[in-house]
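Quick notes on the structure that follows.
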Amino acid sequence: MRKSVNSFRSQVEYGRLLKLAGSHTALGAVLAEEAGFDGVWSSSLEVSAARALPDASLLTMTEYLEAAANMQKAIAVPVVADCDSGYGNNANAQHMVHEYEAAGITAISVEDKRFPKMNSFADRGDSLVSTADFCRKLETIKNAQSGSDFFVIARTEALINGRPMSEALERARAYKDFGADAILIHSKEKSNEQILDFLEGWQAQLPVVVVPTTYPDWADHEMADAGVSVVIYANQGLRATVTSLRSTYESILSNGNTVPLEDDLTPVKEIFALQGLPAWQALD
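Residue numbers (the numbering used here): -8 to 275.
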């Protein structure tokens, strides 16, 4: 049953640090909402990994959209869709906006990489489009949206690509001028120093989104104090799932039964509850 959803823009405008959890399924999104996250990140890494494929633009826009839309139908908090580099040229980006907006997705993230793109942590560098080209794509995206609530996060991979901080800031300022509603600044350093330097230079011109995958020790209250508006825990759920499934399957095979696992497994009736089964049964 489709839930009534507050737009992501209304959440950002509230002014507190928003926390998003990465997911690739409606069930994962429900669990993130149940835990108390403010929204769900429809992660291209997770959606690709669920198909046992690399995060390298191998899936189509329709496949990524289906995953995001299924999540959004199941939860009342907003889904923010990771739309990679916009699935092609400016015409593709315009079509993307029409389709995501029609599906009830109120926020997307688009990055300044060439299409096809490679996952940030597998990227070998030198994969950025020019600032001018990405600004034209952003302008196309903003002109394509039909509602004022639609929220566009411009993600710069300048630091991921080893470019200087000055370029990251210059790109972010240009993206702001061409309509971005927020800036996602990404880094693969083991500390948050690059992000702090960016925030100091940025001076809160637009909301800033961070993804602390490689610097996990940065506490949420410290992010808020530094001027971060949104934090995305982009892939921890997927990684925890892999760990748990490996352990579960190995235990079954090594023990010959599931007895050692039973106390730690979620009861089937809780799965029914997560599926909303009682409400569906009430219809009959």
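Ideal Cβ positions, reconstructed from N, Cα and C, are used throughout, including at glycine.
Just so you know, these numbers come straight off a predicted model, no measurement behind them.
Could you name each continuous alpha helix (DSSP H) segment of 4 residues or more that falls completely within the stretch 15 to 79, going from the start of the chain to the end?
The stretch 15 to 79 contains, as complete alpha helix (DSSP H) runs of 4+ residues, the segments 17 to 26, 35 to 41 and 52 to 65 (chain order).
Taking Asp172 and Ile144 to be in contact with their CB atoms under 8 angstroms, please state how far apart those CB atoms are, rounded to whole angstroms.
The pair is a contact, with the Cβ atoms about 7 angstroms apart (cut-off 8 angstroms).
Restricting to Cα atoms, I'd like to know which of Ser(-5), Leu18 and Val3 is closest to Phe263.
Looking at the Cα atoms, Leu18 is the closest of the given residues.
Between Leu265, Gly95, Tyr55 and Pro203, which has its C-alpha nearest Ser(-5)'s C-alpha?
Closest in C-alpha terms to Ser(-5), from the list Leu265, Gly95, Tyr55 and Pro203, comes Gly95.
Would you mind working out which of Asp255, Lys167 and Leu229 sits nearest Ala23, comparing C-alpha positions?
Among Asp255, Lys167 and Leu229, the Cα nearest to that of Ala23 is on Leu229.
Nearest by alpha-carbon distance to His177: which of Glu102, Lys108 and Ala40 is it?
Nearest option by C-alpha distance: Glu102.
Cβ of Arg146 within 7 angstroms of Cβ of Ser100?
The Cβ-Cβ distance between Arg146 and Ser100 falls below 7 angstroms.
Using only alpha-carbon positions, find the residue among Asp29, Leu49 and Gln196 that is nearest to Gly170.
Of all alpha-carbon atoms in Asp29, Leu49 and Gln196, the one lying nearest the alpha-carbon of Gly170 is that of Gln196.
If we count Cβ pairs, one from each stretch, closer than 8 angstroms, do we get three or more for the stretch 147 to 160 versus the stretch 111 to 127?
These segments touch.
Within 7 angstroms, strictly: CB atoms of Lys179 and Glu148:
Note that the C-beta distance between Lys179 and Glu148 is not below 7 angstroms.
Identify the continuous alpha helix (DSSP H) that holds Val88 and give its terminal residues.
Unbroken alpha helix (DSSP H) run through Val88: Asn81 to Ala93.
Nearest by alpha-carbon distance to Met214: which of Ser33, Ser182, Glu90 and Ser235 is it?
Of the candidates Ser33, Ser182, Glu90 and Ser235, Ser182 places its Cα closest to the Cα of Met214.
Ignoring anything shorter than 3 residues or poking outside the stretch 140 to 192, list the beta strand (DSSP E) runs there in chain order.
Qualifying beta strand (DSSP E) stretches, in chain order: 142 to 147 and 173 to 176.
Beta strand (DSSP E) segment containing Ser100, residue limits:
Taken as a continuous stretch (DSSP letters only), the beta strand (DSSP E) holding Ser100 covers Ala98 to Glu102.
Which residues in the same chain as Asp188 place their Cβ atom closer than 7 angstroms to its Cβ, once the five residues preceding and following it in sequence are excluded?
The residues are Met156.
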